[in-house]
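Engineer:
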Amino acid sequence: MTDDYFKVSRKSQLNIWIANQMMKGAGYAAAVVVGFGLILTVIWAVGQFLPEESKQSPDPNTWSAIAPVTVTAVA
Numbered sequence: 001m002t003d004d005y006f007k008v009s010r011k012s013q014l015n016i017w018i019a020n021q022m023m024k025g026a027g028y029a030a031a032v033v034v035g036f037g038l039i040l041t042v043i044w045a046v047g048q049f050l051p052e053e054s055k056q057s058p059d060p061n062t063w064s065a066i067a068p069v070t071v072t073a074v075a
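The sequence shown lines up with residues 1 to 75 when you count with the numbering used here.
1) Pull up the distance between the alpha-carbon of Val-8 and that of Asn-15, whole angstroms please.
2) Going along the chain, which residues of its own chain have a beta-carbon closer than 6 Å to the beta-carbon of Lys-55, five neighbours each way excluded?
3) In this structure, does DSSP put Val-69 in helix, strand or coil?
4) At the level of alpha carbons, what is the spacing between Val-42 and Pro-51?
Pasting the structure below:
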């Protein structure tokens with residue numbers, strides 16, 4: 001059996017290590033994105049169980065009841 005498989009140059013070892021680190025980071029990023037998607041899906045699913053009246057009620061925030069400013073053109 002040959003030992004050429006284990007005789008990897010220093011540059012190749014560094015390239016393999018960098019590739020592994022990048023794949024590890026991509027895996028972590030994918031886990032965060034999937035986790036965020038799952039949280040949003042759970043929030044959406046809970047919202048589907050709410051009664052229809054709660055979805056059509058006015059916004060309880062006081063600042064949202066302020067009418068927008070209308071601008072009139074001066075001729």
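In this text, a Cβ means the ideal position worked out from N, Cα and C, and glycines have one as well.
Structural biologist: Judging by the given coordinates:
1) 11 Å
2) none
3) coil
4) 17 Å
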